[in-house]
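Participant: Oh and the sequence shown: position 83 is 63 in this note's numbering, straight run, nothing missing.
Glycine included, every Cβ here is placed at the ideal spot set by N, Cα and C.
All values derive from a computational prediction rather than experimental measurement.
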Amino acid sequence: MKLKILYDNEAKAGFRSGWGFSCLVGENLLFDTGADLETLLFNMRRLNVKLDRIDKIFFSHEHGDHIGGFQIVGLLGEVEAFVLRSFSKRFKSALSSYTNVRLREVSKPQEISTGMFTTGEQGFFIKEQSLIVETDKGVVVVTGCSHPGLEKILGFASRFGNVYGVVGGFHGFRKLEALRGVKLIVPCHCTVRKREILTLYPDSSIRCSAGCEIEV
């Protein structure tokens, strides 16, 4: 499985950066959409992303830097959009206004595709869902901002098997020892202690940036 970072605060040469996050999981699942459609599409073209293969969009939480490019659904074929039930009626209505979108409201953990699961709604003040992907090497977790706490998210994901990797925003995550044993660590976007993580786990961590391709 390959993950492509489509939107991040940092960018490789030839790509555009922006405050937000988005990545492509495999060829068909788009995780979040960054803060704006223009930057998202520019980076997608640079990475040769095939829009006609995307049939699922997963929105981690309802912050503008993660849903800002949601209008991309208008460029796709039939697509399932996974949102939390607690998302605003305004955003859900905006998605539903596209005739090709099948809205899937989530509150509890569930399988959304073969080998892919949502954690369901986590957190108290900021509700968020994360993606759990089963691979031959173990479980890979994709996070938006980890507002519920990365340690909590990883603890839940471990129910599905050994956590091989975690990719996405870690926010203010402090218990860095919780990453010990994780073979693939990609701190992106809002991760406050990114430099410390990269220094502490040099053999397993990768510096995140738009344009980055990660083979699992």
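Please state if the CB of Val162 and the CB of Val147 are separated by a distance shorter than 7 Å.
Facilitator: Their beta carbons are not under 7 Å apart, which means Val147 does not touch Val162 by this criterion.
Participant: Return the residue from the list Leu27, Leu164, Phe1 and Val113 that minimises the CA-CA distance to Ala199.
Facilitator: No answer is possible for residue 199: it lies beyond the span of the chain, which begins at -19 and ends at 196.
Participant: Among Gly129, Pro128 and Asp116, which residue has its Cα nearest to the Cα of Gly145?
Facilitator: With distances taken between Cα atoms, Gly145 lies closest to Asp116.
Participant: Helix, strand or coil for Ile47, going by three-state DSSP, please let me know.
Facilitator: The answer is helix: DSSP assigns Ile47 an H, G or I state.
Participant: Among residues of its own chain, excluding the 5 on either side of Ile194, which ones have a beta-carbon nearer than 6 Å to its beta-carbon?
Facilitator: Taken in chain order, the residues that qualify are Leu(-17).
Participant: Closer than 8 Å is the cut-off here; do at least three beta carbon pairs connect the segment 74 to 94 with the segment 119 to 127?
Facilitator: Not touching, per the Cβ criterion.
Participant: Would Cys192 pass as a contact of Phe1 if the rule is Cβ separation under 7 Å?
Facilitator: Cβ distance not < 7 Å, so Cys192 and Phe1 don't count as in contact.
Participant: What separation, rounded to the nearest whole angstrom, lies between the Cα atoms of Phe38 and Glu108?
Facilitator: So the alpha carbons of these two residues sit roughly 11 Å apart.
Participant: Should Asn8 and Ile(-15) be called a contact, given that it needs their Cβ atoms to be closer than 7 Å?
Facilitator: Their beta carbons are not under 7 Å apart, which means Asn8 does not touch Ile(-15) by this criterion.
Participant: In the segment 18 to 92, which residue ranges form an unbroken beta strand (DSSP E) of at least 3 residues, counting only runs that do not cross its ends?
Facilitator: Whole beta strand (DSSP E) segments, 3+ residues: 36 to 38, 59 to 64 and 81 to 86.
Participant: Mind reading off the beta-carbon distance from Asp16 to Gly(-2)? Whole number of angstroms is fine, and I expect it under 8 Å.
Facilitator: Indeed, because the Cβ distance is near 6 Å, the residues count as touching under 8 Å.
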